[in-house]
Structures are given as structure tokens and as C-alpha cells.
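As C-alpha cells, the structure follows; a few thoughts come after it.
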Amino acid sequence: MEAQYPAHWEADVVLSDGGTAHVRPIRPADADRLRTFYSRLSEESIYFRFFGPRPRLSDREVTRFTNVDYVDRVALIATIGTEMVAVIRYDRIDAEEAEVAFLVEDAHQGRGVASVLLEHLAETARENGIARFVADVLPANQKMMGVLKQAGYTARSRFADGVVRMTLDLTPTETSQAVTASREHRAEARSIERLLTPGSVAVVGAGREPGGVGQTVLRNLLGADFAGPVYPVHREARAVAGVRAYPSVTAIDGEVDLAVLAVPADGVIDVVKECAEKGVRGLIVVSSGFGETGAEGRARQDELVRIARAYGLRVVGPNCLGIANTDPAVRLNATLAATVPGRGRVGFFSQSGALGTALLQRVAQRGMGISSFVSAGNRADVSGNDLLQYWEEDAATDVILLYLESLGNPRKFARLARRISRRKPIVVVKSGGTTQGVPVGHAAQVLGLPDTALSALFEQAGVIRVDDLIQQFDVAQLLAHQPLPAGPRVGLVGNSDALALLAVDACARAGLEPRPPVNLGARAGAAEFGAALAALLPEVDAAVAIYMPPIPGRAGEVAAELLRVAREGGKPVLATFEGQLGMPAELRVGAEVPERGSIPSYAAPEEAVRALAHVVRYARWRERPAGAPVEELDDVDAAAARALVERLLAAPPAGGPSGGAAPDGAPSAESGESGESGEFLESGESAEFPESGGTAPVAAVTAGETGERVPAEAEVAELLAHYGLTVWPAEVVGSPEAAVAAAERLGWPVVLKAADPEAAKRAGTVRLGLAGPDGVRDAFADLLRQLGPDAVLAVQRMVPQPAVPTVVNLVEDPGFGAVVSFGLGEVTARLLRDEAYRLAPLTREDAAELVESPRAAPLLFGEYGYPPVAVEALEDLLVRVGRLADDLPEVAGLDLDPVLVGESEVVVLGARAVLRHPGGPRPDGGPRRLS
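Residue numbers for the sequence shown follow our numbering, so the first one is 635 and each next one is one higher.
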């Protein structure tokens, strides 16, 4: 492979029909592949590309087309299997402009190949400093003009000399980003639809031995009465489970849409190639022996995905339970689970294969139904993000349940969830919260954020996160069958004082507003329950009915009355109905499966209240405005900021790891003593949120060791100034007289503090309100006695009081991208890690929620004796930090500590940063690609 070959441009992509292709730069070795591709083109396609007939490419043309420099001349090809099916290229005309052209094989036109290639070529062009594409197009070539116009970029066209010249400004726009997202959504949704709605299924490895994996899947398909033909594949058997068997997939007479692979792991790759030859459109690999077994298995798993995607196939698994679709027109149970719930309004995704069977049994026991189910196993290809895309448009799914053990592309998950949650609730159980570990075999990285941050980012996206599977089903049965509550007011109607009091306590703990419970007495029947509930519903937002009769006998009458009143009231009603859990037959609307309007029942009223509290918070989130787009800030100079960052990363560090020289009389950073910058991490660590404490650590590491650079405080201040943020200067001083001189320059009154930011967080290391030289001298001597004779001190002008100390952090997380956190700077808040998190960039609404989220936030709003402070100015600062984070992925960490919020202004007193060359494109950034 050529030394300059840009491997990071390679990508697997999903096409508009749900198939896949591989996009990569062209290479000289592709000469024969190009000739073969060209030989399959129609005369019309050739005419539109070259403006005339050209039956074949000359050797000189082939050499020119396949030998590019990847800077001024770039070509990308799309391959399916071993064949090239499309090519797109640009040739630079001048510094910022290039001519673009593309060719798509006729058999693959209309699959969105050209559109996805244009996205990727535009990204490579921007990387190489090209700002515009121009294309000369024949007027009759409407397909090419459509591709260029529909990309969403600013486009201009003019007609001259029989040719239309089109010019595309490659600057991403809201329209181009929306077009990309829409195409991604349709393609990925279609790829899952092909898996869940097959016309035929082959089970490869379906043996004659009862209880075998393959035969179990086969019998479950037959037992569910799958709507299409089922083909067992076995090398020797003539029939399996009474169904004619075939020796290979290619020997099957009819078409095969979906193949379930239940063969030993070392034989899976050969079967995949056979399925590709047959034209199979999707694979379920239930076989184990892949990533979960170690390095050799992981390599086998990677090869499985590479080959499947190369041939246009999506893969569920490996090491998975399978998939199911309860649509009466499909009736698909391609799983190892004999029990699949009936038809319902809930879509269920589980990463755990072993857990999947138990989950399906629990759903069935509750009397709930599902629309579809996918167990991803090792999640090597198809992921929860793909299912979100599908369920968003699936008319049969109202509620989405996800059991996640890992997150492959967390930032994409947050983007999709934020959009989908506006229409359909997403209820998530995320395991591994205490360790943030990833199960062996999963194609995902360990998350760098603490679990509290993950919960905050889920909340930002409107995701309902619950602690366990029981809570997940509790919440799901409410969301699937009852309307959303309009507020937190809860009415309680029942025949048990004790249970009602438990419900009241549960409401108070959950932040709900319970009304005094209505106790109807042990003998209450249908009339009493109906009248009490009808009187209560107009005064509340939701109601819990508690029916626990000492002597059973009239349950049906009471249930019918509850259903009637709930239907007429139009508000959510939950029940603890004779201690039953799930969707009791008496409380159902609909004969066979519970329909909308059915009343969910819980074993105890506390469980009902807990589920209701989750739904109230979700409903409150959905009522919020969706949020305006991230606003443009007129006083931001992003170009100057980028130039500064690039200069700092290119320059060797001066004066030690911090990039700044030590002051006269102060120990240098090289001496190993505490200097101006201090150290956030030990050498070699990366910028990430800490395990304890209130700020994000940032490493003081030389660029030569890890590629990271810690700029001097003045350089950080210069960077922030480009985003309209000012850092008040602090002068490091080595003597009492130097401290007095610094105070004279900065202006009285001043603060004297420990220069090491970590030391300055300790109580007693700051002297405030020093109004004259004598006070400064005394404070200097006092701090040296406390901190030791080698302590380094700094002088800074004092912020007008009163002011509340806060901390603003930014970290570039490998999975989530840029994340902004905020918390108060008080010692107690730091110890309790009272922080809030949001993904950058931030809207004004995001910034407001960030400020309001910490538990200590009331101190900013005039409570507990504190005066109200300039919250709007604080929100503006957060928006600007979010903009910086979004613009500059090179800023691996930023720590603004402290940020003092006064009654009329916000002042940044300390700022530290880490810069690092990004290791690749940001998660969920750039053109469409499968992760």
C-alpha cells in the first residue's frame, strides 16, 4: 500500500435501499478493476461522463485515473464484494476550487451511491483546503444535476456553450447537514426493515439432533408460522424437522432474504461468502466463538463484519439470541427463545443474548406485547442506533426499550435519541454503571465519562434511564397504554389506608405532588371506585387506583368501571389491582392483546408511583421547546482561534511542560516543584473527567511524549479572547515586595493565593480583600508559614463581592465528543461531585439547564441567604465554551476554575487547557459511515 495512502478515508456505508458498500481511495492496483467496471457501463452513462462515445479506456487514461496524489487529484471508489460499482474524483483547478465528476454503474444507479460518494469526497476536499466544486454537466444529465443540487450545499449554475456549469460551495450548511441526516436515517432504517421483514429464511446448520442450536431456531420459525418459506441447510440431511433440507445456501431453489447461521465459528466466513453469492440480504449469526473468546475470536469477528459489509450484508450478532417480528403479515421468530410475546406496541433491543430469553418470558408473563425484538449479542454490526432509526418510523412501535451493555457511538445515540424522544419514549437500562466497563467481545470502547455524566447526557436527550429491567417494564407498560401526564399532581383512590400512605410517601420521595388519598373502605365496589375516580381526575394530572379487597369477588365490575372513567377522563390511570403485575385481563382494552387505554397494574403502589415519576419527568422534558439552533456569536473569531491552536501544537513547548517560564525567585516546573501551572495528571495520561473531585484534569505533558501540549496561561487567555471570554491575569510572585508591585500594577484590592491551582482549592490557601502593601506582606508571610517556604504564590485583582465561585470544564471524550460540565466551586460541591453535563455545542436552553441542574444551583438564584447573581452572563459564558469546544477538537481539555459569578458580571480567574492532535474524525462527525 502506498505510503501516502489516506486509510482514514475508508468507510463502510449503508445505501438507500439498505444494502452496504465500501468506500475507499483509488489505488494503482485498481487498474483492472476500473477496466472491468467501465466495460459494464451503458453507452448513455459513458456519453454523459465524457460528452461523447468512448467504448474503452486507453492504458494511458487508466493509469491517469488510478494514480492520484490524494491532495490535488483525488478519486474515491465504491465497491461491493470485489467489484467497483462507482467512482468519483476531483482535480484541483486553483487553490480553493476543484472540478468534480462521477460515474455509477447502471445496475446500481438509484441506490444512493453517488450521494454518499459526494459526501465523502467533499470531506476529503475540505481536508485539502478546497472550498468549491465545479462540474460541467450536459443538460440531459438530470441525474447528475439532481445529485449535486440535492446535496444541500449552496449551489449556482449557468448555461453556456451547450453545457451547464454547476458550482457547489462546500461549506456545510444546516440544509446539507439535514440532508445527510435524513439520508442516513432512511438508509439505516431500510437496512433493519430488510432484516425484520424477510420473504424467506434459511437456517444454516439446522441439524437433525433435537435441542441443537440450528434446529431450535428452525422449530421456532415453524412454530411461529412464519409467512414465507423456511429452508434448512445441512450438508447431509435430506430433511430437518420434516422440512426439505439443502446441502448449501446456493443450492436453494428460491430466493433467500435472511440467513440464520448456526455453524461453528471457524466455518462462518465461508458461509457468509456463500450467502453473498446467493444474494442473501441479511445475516443473523447465533454462533459463539467470536470476540467473547479473546484476541483470535475478535479477529474472526472483525473479518466477519468486513466481508459481510463488503458484500452488501448487515449482520446481527454474533453470539446473539436472534430477532423476532410479531407483525401478523410476517410472524418471524428467528430466535432461540421458544416464548415470544404476542403483538404489542413496544420495540425491544437487547445486547445480551443470554438475558434475552428471560426478558421475553417476563414480557409475556406481564401480558404485554412487542412489535419487534432484536438481540445483538456482540453487536459487531447492527446496533441500538440502527434500531432507533427503524423504530422512529415504524407505525407499529410506540415505545422503545433498550438494554445496553456498551455504546458503540454514544454521540450518535444522543443525537438520534434527542430527535426520536420528541415522538416516542426511549427507556434504557445501561449496565456497568459502577465500572463503565465493556463486555468482552463488544465492538465498543470503554466510556471515559463517569456514570453521572452518562445519566445527565441521557436526560439531555430525553431518554428515560432506569436502574433495572423490572423498572424498565414497569415504565413501558404505562407508556404503551396510557397518555402522558400534564404535570406532577397525583390522585390516590383505594380501599386500604396503609397502601395509600405508602403511595403518598413514594410520591414525596419521587418529587410528585400527591393529593390527600381518598379511602373508600374495604367494602367499596365498582360504583364507589368509579365515582371517586371521576371526581378526582379533573383535579390531578394522573391517578393511582388501589384495589386490594379482603374478600375477592367483584374484581371484574371494579375493573370495568376504572376503564370507563379512565377513558372518559383522558388522563393516565395506574392501578395496584389485587397485587397483579402487568396487564391483567380485567383491565385490558382489546380481546387478545392489551391496546391503548388498558390500565397497567403493579404489585405495590410504590412501584406504580416510581414508574409514574419517570413518565412525569419525560413528559416535562417533551413539553420544553425543542430549542433554537445554536446561535451565531458575532464577536467570535474562530479562524484566529484555529490558527493559534495550530501554531501552539506545531511549536515545541517553551520553559517546561506548562509552556511558560517560571518567575524570578520561583521554582521552575522542570525542578519537580509546584509551579504556575501545576499538574492535572501524571505524564502519559489523557484529559478526562476525574474519578473524584470537581474538575476535569488536564495533563501537563510535553508534546514530544504524547502529542499533547499544555499552553501557558497567557496563551489560554488569548484563545478564550477569540471567543469573547476574558481571563483576569494573575502574576506569580517570589517575594513580598514583588507581590506589592504586582498589586500596584493590577489595582487594589487584591487576592494572594497559592499559584498551584490544585493547592488553591484547599481551604485557607487564599487571602482576600488585601487593600494595601502591609496587608499583602503579612498575607505573604502567613501563606508561606502554612504552605511551606518553597510555596509559589500569585497576586490577582479581587472580584467585587458578593460572588459565587463556579467551575466550568470541557473535555473531548473519545465516544461522546465535546462535553461541557458545570458545578459550583464550594468545597462541599466538589467533594460531592455536584456537577452537570451537556454535549457541545450548547443552545441557550442547554446552557440554562446546565446552570439549573446541580443540586447547589439554588445558591445562584438568591436562596439560602445568597443574593441573586448574573445567571444570564453565566449562561452566555457556557454557550461560548460550547462553541469553542465544537469548533476545536484539538482542545482536549479546558478547565475554567474558578469562575466567579457576581451580581452583574462573570469573571474567569483561572484557565488551563490541554491541546492534542485529534486521532481521527469526531464521533458522529463528517460524512455517513458505519462505525
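Where a beta carbon is used, it is the ideal one built from N, C-alpha and C, also for glycine.
Values in this document were obtained by computation on a predicted structure and should not be read as measured data.
Since F793 sits in a beta bridge, which residues does DSSP pair it with? Residue numbering aside, residue 793 sits at position 159 when the sequence shown is read from its first letter. BP columns for F793 point to V798.
In this structure, does DSSP put F685 in helix, strand or coil? Translated into the one-based positions of the sequence shown, residue 685 becomes position 51. F685 sits in coil when the DSSP states are folded into three classes, being neither helix nor strand.
Tell me which same chain residues have a C-beta within less than 8 Å of the C-beta of A1168, skipping the five on either side of it? In the sequence shown, the residue the question calls residue 1168 occupies position 534. The residues are V1199, E1202, G1203.
Bounding residues of the beta strand (DSSP E) (the contiguous stretch that carries P659): Along the sequence shown, read from residue 1 onward, the residue named residue 659 stands at position 25. Counting along the chain, the beta strand (DSSP E) containing P659 begins and ends at 654 to 659.
Could you check which residue in T1210, V1178, A1245 has the C-alpha nearest to that of R1099? Mapped onto the sequence shown, residue 1099 falls at position 465. For R1099, the closest C-alpha among the options T1210, V1178, A1245 is that of A1245.
Y724 to L1113, Cα distance in whole Å? Here residue 724 refers to the residue found at position 90 of the sequence shown. Here residue 1113 refers to the residue found at position 479 of the sequence shown. Going by C-alpha positions, Y724 is about 51 Å away from L1113.
Tell me the DSSP secondary structure of Q1430 in three-state form. Looking up residue 1430 in the sequence shown gives position 796. Assigned with DSSP and collapsed to three states, Q1430 falls in strand.
What residues match up with D803 in a beta bridge as DSSP calls it? Here the question's residue 803 lines up with position 169 in the sequence shown. Beta-bridge pairing links D803 to R766, T788.
CA-to-CA distance, V974 to A645, given in whole angstroms: Taking the first residue of the sequence shown as position 1, residue 645 is located at position 11. Taking the first residue of the sequence shown as position 1, residue 974 is located at position 340. Their backbone Cα atoms lie some 37 Å apart in a straight line.
Identify every residue that forms a DSSP beta bridge with Y1037. As a working mapping, residue 1037 is identified with position 403 in the sequence shown. The partner list for Y1037 (beta bridge, DSSP) reads S984, V1063.
Checking the sheet assignment: what are the DSSP bridge partners for K1387? By one-based count along the sequence shown, residue 1387 stands at place 753. Answer by DSSP bridge pairing, in chain order: V1400, A1428.
In three-state terms, what does DSSP make of F1107? As a working note, residue 1107 is residue 473 in the sequence shown. In the structure shown, F1107 sits in a helix (DSSP, three-state: H, G or I).
Under three-state DSSP, which class holds G916? The residue you call residue 916 lines up with position 282 of the sequence shown. Looking at G916 - three-state DSSP - the assignment turns out to be strand.
For T1462, count neighbouring C-beta atoms within 10 Å of its own C-beta (all shown protein chains included) and say buried if the count is 16 or more, exposed if not. Along the sequence shown, one-based indexing puts residue 1462 at 828. Answer is exposed; the Cβ neighbour count stays below 16.
Decide if E1537 is buried, meaning its Cβ has at least 16 other Cβ atoms within 10 Å, or exposed. The residue labelled residue 1537 in the question sits at position 903 within the sequence shown. In summary, E1537 is exposed, with fewer than 16 beta-carbon neighbours lying within 10 Å of its beta-carbon over all protein chains present.
Among the residues of its own chain, which have a CB less than 7 Å from the CB of K783, if the five just before and after it don't count? Taking the first residue of the sequence shown as position 1, residue 783 is located at position 149. Taken in chain order, the residues that qualify are A789.
Close-in-space but distant-in-sequence residues of the same chain around A998 (CB under 7 Å, 5 per side omitted): As a first step, residue 998 is located in the sequence shown; it is residue number 364 there, counting from the start. Contacts found: T973, P975.
Using 10 angstroms around the beta-carbon of S692, count the other beta-carbons present and answer buried if the total reaches 16, otherwise exposed. As a position in the sequence shown, residue 692 is number 58, starting the count at 1. Exposed is the call here.
According to DSSP, is N854 part of a helix, a strand, or is it coil? Here the question's residue 854 lines up with position 220 in the sequence shown. In the structure shown, N854 sits in a helix (DSSP, three-state: H, G or I).
Per-residue DSSP class, three states only, for M1217: What you label residue 1217 is simply residue 583 of the sequence shown in a count that begins at 1. Here M1217 carries a coil assignment [DSSP, helix/strand/coil].
How many Å lie between R1563 and V1445 at the Cα? In the sequence shown, the residue the question calls residue 1563 occupies position 929. In the sequence shown, the residue the question calls residue 1445 occupies position 811. Here the alpha carbons of V1445 and R1563 stand approximately 24 Å from one another.
Name, in chain order, the residues that DSSP records as bridge partners for A1485. What you label residue 1485 is simply residue 851 of the sequence shown in a count that begins at 1. Before going further, note that residue 1485 is Val rather than Ala in the sequence given. Answer is none; V1485 lacks a bridge partner.
Whether or not the segment 1006 to 1018 and the segment 1110 to 1124 are in contact is what I'm after, with contact meaning three or more pairs of Cβ atoms, one per stretch, closer than 8 Å; do they touch? A contact is defined here as three or more CB-CB pairs under 8 Å, and the segment 1110 to 1124 fails this definition with respect to the segment 1006 to 1018.
Just mark E1322 as buried or exposed, buried being the case when its beta carbon has 16 or more other beta carbons within 10 Å. Translated into positions along the sequence shown, residue 1322 becomes position 688. Because E1322 carries a pLDDT of 36, less than 50, the predicted location of this residue cannot be relied on, and no value is offered for it.
Report the three-state DSSP secondary structure of E889 (helix, strand or coil). Position 255 of the sequence shown holds residue 889. Here DSSP, grouped into helix, strand and coil, assigns E889 to coil.
Pairwise C-alpha distance: N775 and E1509: Along the sequence shown, one-based indexing puts residue 1509 at 875. Along the sequence shown, one-based indexing puts residue 775 at 141. Each residue's Cα considered, the two are about 51 Å apart.
Please return the same chain residues whose Cβ sits closer than 8 Å to the Cβ of A1351, not counting the five positions on each side in sequence. In the sequence shown, residue 1351 corresponds to position 717, counting from 1. Within the same chain, and ignoring the five residues on either side of A1351 in sequence, the residues whose Cβ sits closer than 8 Å to its Cβ are T1360, V1361, P1363, A1545.
Report back the beta-carbon spacing between N621 and L855 to the nearest angstrom; my notes put them in contact at under 8 Å. This structure gives no information on residue 621, because the portion of the chain shown stretches from 635 to 1565.
One question on the structure: do I714 and G652 come within less than 9 Å of each other, judged by their Cβ atoms? As a first step, residue 714 is located in the sequence shown; it is residue number 80 there, counting from the start. As a first step, residue 652 is located in the sequence shown; it is residue number 18 there, counting from the start. The Cβ-Cβ distance between I714 and G652 does not fall below 9 Å.
Please state whether the Cβ-Cβ distance between L1221 and P1239 is less than 9 Å. As a first step, residue 1221 is located in the sequence shown; it is residue number 587 there, counting from the start. As a first step, residue 1239 is located in the sequence shown; it is residue number 605 there, counting from the start. Contact annotation: L1221 and P1239 have beta-carbon atoms that are not nearer than 9 Å.
If you draw a straight line from the alpha carbon of D887 to that of V919, how long is it in whole angstroms? As a first step, residue 887 is located in the sequence shown; it is residue number 253 there, counting from the start. As a first step, residue 919 is located in the sequence shown; it is residue number 285 there, counting from the start. Straight-line measurement puts the Cα of V919 at about 22 Å from the Cα of D887.
Where G1001 and P1228 are concerned, what is the direct C-alpha to C-alpha distance, given to the nearest angstrom? Here residue 1001 is taken as the residue at index 367 of the sequence shown, counted from 1. Here residue 1228 is taken as the residue at index 594 of the sequence shown, counted from 1. Cα-Cα distance, rounded: 8 Å.
Among all the DSSP beta bridges, which residues are the ones paired with F1007? Numbered from 1 along the sequence shown, position 373 holds the residue referred to as residue 1007. Note: F1007 is bridge-paired with A958, F982 in the DSSP secondary-structure output.
Can you list, in chain order, the residues of its chain whose CB lies under 6 Å from that of F983, leaving out five sequence neighbours each side? For the purposes of this step, residue 983 is identified with residue 349 of the sequence shown, where counting begins at 1. V1008, G1018, L1021, L1036, listed in sequence order.
With H, G and I counted as helix, E and B as strand and the rest as coil, what does DSSP make of L1530? Locating residue 1530 in the sequence shown gives position 896, where the first residue counts as 1. Under the three-state reduction of DSSP output, L1530 falls in the strand class.
Determine the burial state of E1378: buried for a count of at least 16 other Cβ atoms within 10 Å of its Cβ, exposed for fewer. Against the sequence shown, residue 1378 aligns to sequence position 744. Within 10 angstroms of the beta-carbon of E1378 lie fewer than 16 other beta-carbons, which makes it exposed.
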